[in-house]
Structure formats: structure tokens, C-alpha cells
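Visitor: Residue numbers (my numbering), protein chains in the order written: chain L, 3 to 241; chain D, 64 to 270.
C-beta atoms are modelled at their ideal positions from N, C-alpha and C, and glycine is treated no differently.
Dropping the structure in here first, questions after.
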């Protein structure tokens with residue numbers, strides 16, 4: 003029997019180890035798996051490399067993971083947003099590494115990681131500082147930059163619905179990086195708002211086929227990052 | 064800058080697919096000229112982005128590239144990031160409207176880093192957009208807050224792309240970039256040519 007469901011957020015992230023590379027879905031708060039991130043804070047794995055478009059906001063979710071000094075390096079396209087304080091402070095003090103990647107290159111590096119393609123050439127970032135030190139090759143007379151694929155040891159993903167096979171459906175622009183990240187990690191861990199019966203998702207509308215997913219946790223009432231930030235909440239709650 | 068954003072929308076042909084960047088470009092979504100269908104793309108996975116929702120109808124999972132709540136028009140579609148940037152890099156988007164720190168007379172754009180040691184660089188999708196979209200419009204204040212020209216001979220900030228901008232919309236003028244030169248297309252009401260040249264860091268030309 004195929005059953006990828008897990009009983010708790012703690013179970014879902016229990017084997018994440020020090021030094022792991024973790025892909026974390028989301029664009030700002032949309033699609034960010036905040037309950038799984040908080041479970042990872044409780045779990046305590048350190049020295050992590052995190053791949054995520056942003057660096058979180060306030061003192062919850064990804065920002066709290068960074069504040070808890072579990073992240074050695076961020077790979078992202080846009081590390082500052084309104085209300086992002088934790089990463090900028092640590093970065094300015096030289097206490098966290100940053101690999102800045104153009105957003106489309108980030109998406110494609112992850113896609114290639116999932117597709118078994120080790121590297122690719124892109125026109126993005128040609129003639130800019132982000133191409134410095136990288137191989138340039140010309141095709142049809144135009145320059146392209148070589149970029150390497152990204153794979154994760156783990157991916158933390160948020161979806162709207164999931165079944166026990168790991169088939170996923172997302173919600174509006176909360177889809178963003180989540181589907182490509184599912185494909186590019188050794189262990190993909192999903193928090194879904196609704197765990198549904200096998201057969202109830204229309205196969206024509208499944209966005210992530212279950213083959214890309216290893217664990218599914220139902221989180222019926224996910225917290226909203228912006229609400230927590232507005233209330234000045236901080237994770238762990240008792241700090 | 065709302066009037067300027069309206070000018071940008073007015074210059075985009077019917078049935079175009081248009082990407083809007085963060086900041087002032089977001090305002091363009093509020094203006095679809097009468098009788099035209101413009102399909103707005105936002106890089107975080109929505110084609111058919113509509114205006115700001117009415118208060119009380121915001122959905123934090125329906126946002127634009129600037130992470131502000133938006134709406135989806137009838138006929139909209141959602142997709143993941145790799146598909147979104149396939150649209151961008153693959154040349155499927157007709158127009159892109161971006162903000163700028165600096166634009167050079169040759170069309171070089173700088174809009175992601177001031178290059179200062181303590182600054183946090185943030186590139187987002189800008190480099191992919193200038194690499195993949197043919198018509199790159201910039202909408203910006205004509206000068207910095209301290210009155211320095213943002214339109215310059217050569218960018219001093221790190222580049223987003225080289226020779227990519229085709230037109231600049233500011234609070235003072237609309238300027239075309241052709242053959243590595245700046246051509247005035249339209250002056251804002253009350254703006255004189257002499258003044259415009261004073262606040263522009265590169266020679267202006269007229270057809």
C-alpha cells in the first residue's frame with residue numbers, strides 16, 4: 003500500500019540532518035510551508051543550505067529558522083522584502099552566506115535538478131556581475147552563461163490538497179516554486195491543507211504527480227505569516 | 064506617477080502579454096485602455112492579473128511580484144515558476160515594464176544593486192526579463208530623491224542588462240532609446256526642453 007502520510011510535523015522533519023541542503027517553497031508568504039519550518043526549528047538541524055526565493059519576514063517561518071542560526075547559506079533571488087529584518091542584519095554582519103541567483107535561473111536550476119540535467123546555458127545575467135567567473139558559450143552568435151542544476155536533500159512544500167499517493171494541487175500564486183522543488187529533492191515533505199481520498203483529485207488537474215513526493219502532512223489551519231508578523235509574533239513562541 | 068503609469072498602458076498594443084515589475088510598474092495594472100485587452104503577467108505565476116482587490120477580498124495567496132494582493136481576471140491562469148520564466152526567457156512576453164536605479168543612453172539598465180558594501184543585493188526576475196522580453200519599458204522618477212539624474216551616459220551601478228531598455232517613462236518626459244541615443248518622444252505638461260536636459264545626465268535628441 004502506498005501511504006506517504008505522516009502523523010505530525012515533528013515526524014515529517016525528524017531525519018533532516020546537519021549540513022543538509024533544503025529547498026523551501028514559497029514566494030513571500032504565499033506557498034511557504036510555515037508549520038514544517040517551525041518543526042525544523044524545534045528539530046534543530048544546523049549548518050543548513052536553504053534554497054528559497056526570499057529570506058522570510060518578521061521573526062516567524064524562514065526568518066525564524068535563520069534567526070535560530072540554523073542556516074549557513076541562503077541561495078535566493080530576492081533576500082530583502084518589506085518586513086525582512088533577520089537576514090539583512092546577519093548578512094551585513096557577515097554571519098550568513100548569500101548566493102544571489104536571478105529568479106528564472108533559480109527556477110531552472112531546480113527544474114534541471116529534478117530532470118537529471120546537470121547544467122544548462124541561459125542568456126540571463128550576461129554582461130552583469132552575476133555572470134563573473136562562469137563559463138560563457140556562444141550559440142548562434144549570442145553569449146550564454148552556464149549554470150549548474152540545484153538538488154536538495156529535502157524539500158519543504160505547501161499545497162492546498164494532497165492524497166496519500168502524494169498527488170498535489172495548489173492554491174493560486176501559492177504554487178510558485180513548490181512544484182519544481184518537489185521534483186528536485188531526495189525527500190520531498192509536503193504540508194497540505196486538505197488530505198483527500200485517493201481518487202478524489204481529477205487526474206487532469208493534478209499539478210504534482212505523487213512520484214515526486216515522499217511525505218504528506220495535513221495542516222488544516224496553516225498560520226498566515228503576514229498576520230503573525232503584524233502581531234510581532236516570534237518563533238519559538240516562548241522566546 | 065499614476066498619470067505616467069496610465070501613459071505606459073496607453074502605449075501597449077491590444078492583445079499584448081505584459082510583465083509588470085515591482086514598485087511603480089505595479090500601478091500599470093490599474094489601467095487597461097478602453098477597447099483593449101492587455102494580459103498582465105506576474106512572474107510569481109499568474110497570467111491575467113487584475114487590479115487591487117476591494118478591501119475585505121484580499122487573498123494572501125493571490126499576490127503580484129511585489130507581494131501585494133491582486134486579483135485574477137476571467138480567463139486567468141496559474142502556473143509554477145519554471146513555466147513562468149519559460150514564458151519570460153523563451154520570448155513569449157511582448158512587453159515588460161520595470162523600475163530603475165539608472166538607465167544609460169545606450170539602454171543599459173541598473174536596478175538590482177547599488178554596489179555598496181553593506182547593501183543587500185536583490186535581483187529577483189529582472190535579469191531574466193531583460194534577457195527574454197523584446198520591448199523593455201522603464202518607468203521611474205526622472206531624478207533620484209536628491210535630484211541626481213537617473214538617466215546617464217554610463218551606469219555606475221552594477222548592470223541588470225546591457226542595451227536592453229527601449230523606452231523610458233518619467234514624471235518629466237517619455238524618451239525613446241535608439242542607436243544608443245536618447246530621443247524625446249513627449250514632454251510632460253509644463254516641462255521645457257532646457258530644464259529636461261539639465262536634469263538628464265546624457266545628451267537628449269529630437270527627431
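What residues from the segment 143-172 of chain D come within 8 Å of chain L, judged by C-beta to C-beta, listed N to C?
Guide: Cβ contacts with chain L: 143, 144, 145, 147, 148, 151, 152.
Visitor: Does residue 252 of chain D come within less than 7 Å of chain L when only Cβ atoms are used?
Guide: For the purposes of this step, residue 252 of chain D is identified with residue 189 of the second chain, where counting begins at 1. So no, residue 252 of chain D is outside the interface.
Visitor: Give the residues from the segment 10-35 of chain L that approach chain D closer than 9 Å (Cβ to any Cβ), ordered along the chain.
Guide: Under the 9 Å Cβ criterion, the segment 10-35 of chain L contributes 29, 30, 31, 32, 33.
Visitor: Measuring CB to CB, does residue 194 of chain L end up less than 7 Å from residue 163 of chain L?
Guide: Here residue 194 of chain L refers to the residue found at position 192 when the first chain is read from its first residue. Here residue 163 of chain L refers to the residue found at position 161 when the first chain is read from its first residue. Yes, these two residues count as a Cβ contact at 7 Å.
Visitor: Can you check which of these residues, D/167, D/261, D/116, D/258, is closest to residue 216 of chain D by C-alpha distance?
Guide: Start at 1 with the first residue of the second chain, and residue 216 of chain D comes out as number 153. The shortest C-alpha separation from residue 216 of chain D is found at D/167.
Visitor: For residue 241 of chain L and residue 66 of chain L, what's the separation of their Cα atoms in angstroms?
Guide: Translated into positions along the first chain, residue 241 of chain L becomes position 239. Translated into positions along the first chain, residue 66 of chain L becomes position 64. Any reading at residue 241 of chain L needs caution, since the residue's pLDDT is 48, under 50, leaving its predicted position unreliable; the model's value is listed next. Rounded to whole angstroms, residue 241 of chain L to residue 66 of chain L spans 11 Å at the Cα level.
Visitor: Taking only beta-carbon atoms, is residue 226 of chain L less than 7 Å away from chain D?
Guide: To locate residue 226 of chain L, count along the first chain from 1; it is residue 224. Yes, residue 226 of chain L counts as interfacial toward chain D.
Visitor: Excluding sequence positions up to five away, which residues of its chain have a Cβ less than 6 Å from the Cβ of residue 42 of chain D?
Guide: Because chain D here runs from 64 to 270, residue 42 of chain D falls outside it and cannot be looked at.
Visitor: Please report whether the beta-carbon of residue 93 of chain L lies at a distance below 7 Å from any beta-carbon of chain D.
Guide: Residue numbering aside, residue 93 of chain L sits at position 91 when the first chain is read from its first letter. Interface residue, yes.
Visitor: Spatial neighbours of residue 181 of chain L within its chain, please: C-beta separation below 6 Å, excluding the five flanking residues on both sides.
Guide: As a working note, residue 181 of chain L is residue 179 in the first chain. The residues are 209, 210.
Visitor: Take residue 40 of chain L and list the residues in its own chain whose beta-carbon comes closer than 6 Å to its own, dropping the five residues that flank it on each side.
Guide: For the purposes of this step, residue 40 of chain L is taken as the residue at position 38 of the first chain. So the list reads 237, once near-sequence residues are dropped.
Visitor: What do you reckon, are the CB atoms on residue 190 of chain L and residue 215 of chain L nearer than 7 Å?
Guide: Counting from 1 along the first chain, the entry for residue 190 of chain L is found at position 188. Counting from 1 along the first chain, the entry for residue 215 of chain L is found at position 213. Yes; because the gap between Cβ atoms is below 7 Å, this pair is in contact.
Visitor: Please state whether the Cβ-Cβ distance between residue 235 of chain D and residue 270 of chain D is less than 7 Å.
Guide: By one-based count along the second chain, residue 235 of chain D stands at place 172. By one-based count along the second chain, residue 270 of chain D stands at place 207. Against a cut-off of 7 Å, the Cβ pair of residue 270 of chain D and residue 235 of chain D comes out as no contact.
Visitor: Could you run through the segment 206-229 of chain D and flag, in chain order, every residue whose CB is less than 9 Å away from some CB of chain L?
Guide: Here the close residues are 221, 222, 223, 224, 225, 226.
Visitor: Whose C-alpha, out of D/208, D/171, D/142, is nearest the C-alpha of residue 244 of chain D?
Guide: Residue 244 of chain D sits at position 181 when you count from the first residue of the second chain. The option with the nearest alpha carbon to residue 244 of chain D is D/171.
Visitor: Residues in the same chain with beta-carbon distance under 7 Å from residue 49 of chain L, minus the five sequence neighbours each way, listed in chain order, please.
Guide: Taking the first chain and counting its residues from 1, the one referred to as residue 49 of chain L is at position 47. Closer than 7 Å at Cβ, skipping near neighbours: 20, 21, 74.
Visitor: Considering only C-alpha positions, which residue in the set D/112, D/150, D/184 is nearest to residue 110 of chain L?
Guide: For this step, residue 110 of chain L is matched to residue 108 along the first chain. Of the listed residues, the one whose Cα sits closest to residue 110 of chain L is D/150.
Visitor: Along chain D, which residues have their Cβ under 7 Å away from the Cβ of residue 175 of chain L?
Guide: Here residue 175 of chain L corresponds to residue number 173 of the first chain, with the count starting at 1. Going along chain D in sequence order, the residues near residue 175 of chain L (Cβ under 7 Å) are 107, 108, 109, 124, 125, 126, 141.
Visitor: Using 6 Å as the cut-off, classify the Cβ of residue 65 of chain D as near or not near the heavy atoms of the ligand PLP, replying yes or no.
Guide: Absent from the structure shown: the ligand PLP. Ligands present: none.
Visitor: Report all residues from its chain with a CB closer than 6 Å to the CB of residue 69 of chain D; omit the five preceding and five following residues, and keep chain order.
Guide: Walking along the second chain from the start, residue 69 of chain D turns up at place 6. The answer, listed in chain order, is 94.
Visitor: On the criterion of 16 or more Cβ atoms from any shown chain inside 10 Å, does residue 205 of chain L qualify as buried, or is it exposed?
Guide: Residue 205 of chain L sits at position 203 when you count from the first residue of the first chain. Residue 205 of chain L is exposed by the Cβ-count criterion.
Visitor: CA-CA distance, residue 159 of chain D and residue 81 of chain D?
Guide: As a working note, residue 159 of chain D is residue 96 in the second chain. As a working note, residue 81 of chain D is residue 18 in the second chain. Each residue's alpha carbon lies about 6 Å from the other.
Visitor: Verify the CB distance criterion: does residue 85 of chain L have a CB-CB separation below 7 Å to chain D?
Guide: Along the first chain, read from residue 1 onward, the residue named residue 85 of chain L stands at position 83. Cβ-Cβ to chain D under 7 Å: no for residue 85 of chain L.
Visitor: Can you tell me which of D/96, D/227, D/179, D/146 puts its alpha carbon nearest to the alpha carbon of residue 240 of chain D?
Guide: Position 177 of the second chain, counted from the start, is the residue given in the question as residue 240 of chain D. Ranking the options by Cα distance to residue 240 of chain D, first place goes to D/227.
Visitor: Going by the beta-carbon positions, is the gap between residue 198 of chain L and residue 165 of chain L smaller than 7 Å?
Guide: Here residue 198 of chain L is taken as the residue at index 196 of the first chain, counted from 1. Here residue 165 of chain L is taken as the residue at index 163 of the first chain, counted from 1. Closer than 7 Å, so yes.
Visitor: Within its chain, find whatever has a CB closer than 6 Å to the CB of residue 133 of chain L; leave out the 5 residues flanking it on each side and keep chain order.
Guide: As a first step, residue 133 of chain L must be located in the first chain, where it is residue number 131. Taken in chain order, the residues that qualify are 127, 147.
Visitor: Taking the alpha-carbon of residue 12 of chain L as reference, which of L/36, L/227, L/235 has the nearest alpha-carbon?
Guide: The residue you call residue 12 of chain L lines up with position 10 of the first chain. Comparing Cα-Cα distances from residue 12 of chain L to each of L/36, L/227, L/235, the minimum goes to L/36.
Visitor: Assess contact between the segment 171-191 of chain D and the segment 94-105 of chain L, defined as three or more Cβ pairs (one per stretch) separated by less than 8 Å. Is contact present?
Guide: With the cut-off at 8 Å, the segment 171-191 of chain D and the segment 94-105 of chain L touch.
Visitor: Kindly list, in the order they appear in chain D, the residues whose Cβ is closer than 7 Å to that of residue 151 of chain L.
Guide: Within the first chain, the letter at position 149 stands for residue 151 of chain L. Simply none; closest approach about 12 Å.
Visitor: If the cut-off is 8 Å on Cβ atoms, which residues from the segment 115-136 of chain L count as contacting chain D, listed in chain order?
Guide: Cβ contacts with chain D: 124, 125, 126, 127, 128, 129, 130, 131, 132.
Visitor: Please report how far the alpha carbon of residue 145 of chain L lies from the alpha carbon of residue 119 of chain L, in whole angstroms.
Guide: By 1-based counting over the first chain, the position of residue 145 of chain L is 143. By 1-based counting over the first chain, the position of residue 119 of chain L is 117. For residue 145 of chain L and residue 119 of chain L, the distance between alpha carbons rounds to 20 Å.
Visitor: Which same chain residues, not among the five before or five after residue 112 of chain D, have their C-beta less than 8 Å away from its C-beta?
Guide: Along the second chain, read from residue 1 onward, the residue named residue 112 of chain D stands at position 49. Taken in chain order, the residues that qualify are 83, 92, 103, 104, 105, 127, 133, 134, 135, 136, 139.
Visitor: Check distances from the C-beta atoms of the segment 177-190 of chain D to those of chain L and list, in chain order, the residues that come in under 7 Å.
Guide: Here the close residues are 181, 183, 184, 185, 186, 187, 188, 190.
Visitor: In terms of residue numbering, what span does the beta strand (DSSP E) encompassing residue 113 of chain D cover?
Guide: Taking the first residue of the second chain as 1, we reach residue 113 of chain D at position 50. It spans 109-113 - the beta strand (DSSP E) in which residue 113 of chain D sits, taken as one unbroken run.
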